[in-house]
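If you're matching positions, the sequence shown starts at 1 in UniProt numbering and goes up one per residue.
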Amino acid sequence: MMFWQQRFQVDFTAESIAPEVSSSIPPSLVRDSPYLTHPIFSMYHTEHELLRYLHKLQSKDLSLCHSMIPLGSCTMKLNATVEMMPVTDPKFANMHPFAPIDQAAGYHEMFDNLGDLLNTITGFDSFSLQPNAGASGEYAGLMVIRAYHKARGDHHRNVCIIPVSAHGTNPASAAMCGMKIVAVGTDAKGNINIEELRKAAEANKDNLSALMVTYPSTHGVYEEGIDEICRIIHENGGQVYMDGANMNAQVGLTSPGFIGADVCHLNLHKTFCIPHGGGGPGMGPIGVKKHLAPFLPSHPVIPTGGFPLPEKTDPLGSISAAPWGSALILPISYTYIAMMGSQGLTEASKIAILNANYMAKRLEVIDVTHSVTHYMTFTKINIYG
């Protein structure tokens, strides 16, 4: 204050105007309760002490730097540093989601290329990059199926069959789409009970909309009868929605399109390396067979549709605020796929299955009689013949 008085020759001090300033605050806005009452605010009195405390809190965070990330039934990938580099490049990081298309040609070329790569990997004909996460992808995929049925005049098809071994989000997504859920059980080995499924499909054949199946299932099982399961649903007028949560066990070895699914979402934040620590950010694009492509989500501001875009479209509308979802993180997955190549992606799937079998073996705790397994595992897969 002395500096300001000397520099500008003011004739008042902070103390002299304090009462006037304080009185200008309405009584309703004056705080009368204590603040910063937590002991932590009185424990540290220097900057370096507080920094050490903050770093101690930071070190409690679990990441791939410390351990595997055991998040549900889903498998995470290592996020290589080089895959993260494009995200910090201003040319990518500062791109607005509604930038004019002619000013974002490079980004849209990446969208097209990524869509083509995902089509090849999954065996589908078209992809939408709009869904922001796995659950959003489930919702979008089911809405595409509903739009397909409505276009055929089958407005009444609202039954969704879901095995108890499916991903836990599946029933919630089906309920949000207004579908009636019919659950089917599993056999002793964790596989879907095919006869129970057949009876459920035939009993609801006039109203069957879809089957939601996770492959491999949350039991860690490759459904041995998956071909027959898809055939049963199709014969009774339904579509097959495959949850891509466990896609790590498919990439390069098989694909949803080859197996018989009509639509599938991919978790780019699981299978294709977008960091998932802390629960996000996520991307859940959906791939579809040709007959469902016209119904993929679009956007009222910038029309999107699928990659490639079919000649005739009847989009269901938008399911995300931005035309291409969380587009700024797509370079991570694109870089991962481009660097790995087809052979690398296939090898990664084999290693993922090997790791799963290794973990299952480690969980087998045998007592001294070598006869009791305390942790039951359903199956172990031999992919090498």
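From the three backbone atoms N, C-alpha and C, an ideal C-beta is built for every residue, glycine too.
- It is roughly 24 Å from the alpha-carbon of residue 197 to the alpha-carbon of residue 140.
- In chain order, 154, 157, 205, 206 and 208 place their CB closer than 8 Å to the CB of residue 237, counting only its own chain and leaving out the 5 sequence neighbours on each side.
- If you compare the alpha carbons of 31, 79 and 42 with that of residue 275, the shortest gap goes to 79.
- Membership of residue 333 in the alpha helix (DSSP H) is indicated by the continuous run 330-363.
- From the listed residues 164, 26, 213 and 165, the smallest Cα separation to residue 265 is found for 213.
- Scanning the segment 245-311 from its first residue to its last, the whole beta strand (DSSP E) runs of 3-plus residues come out as 263-266 and 286-288.
- A contact is defined here as three or more CB-CB pairs under 8 Å, and the segment 283-293 fails this definition with respect to the segment 85-99.
- Counting C-beta pairs closer than 8 Å gives three or more between the segment 267-274 and the segment 323-334, which meets the contact rule.
- Per DSSP, the unbroken alpha helix (DSSP H) holding residue 135 starts and ends at 134-151.
- The Cβ neighbour count for residue 30, taken over all protein chains shown within 10 Å, is under 16; the residue is labelled exposed.
- The residue among 283, 49 and 240 with its C-alpha nearest the C-alpha of residue 258 is 240.
- Residue pairing by DSSP puts residue 186 in a beta bridge opposite 192.
- Close CB contacts of residue 340 within its chain, under the 7 Å cut and outside five residues either way in sequence, are with 348 (chain order).
- By the Cβ test, the segment 177-192 is not in contact with the segment 113-128, since fewer than three Cβ pairs between them sit closer than 8 Å.
- Collapsing the DSSP output to three states places residue 319 in coil.
- Taking residue 300 as reference, the option from 323, 281, 283 and 285 with the minimal CA-CA separation is 323.
- Residue ranges of uninterrupted alpha helix (DSSP H) with 4 or more members, entirely inside the segment 188-243 and ordered along the chain, are 194-203 and 226-235.
- According to the DSSP secondary-structure assignment, residue 181 is paired through a beta bridge with 160.
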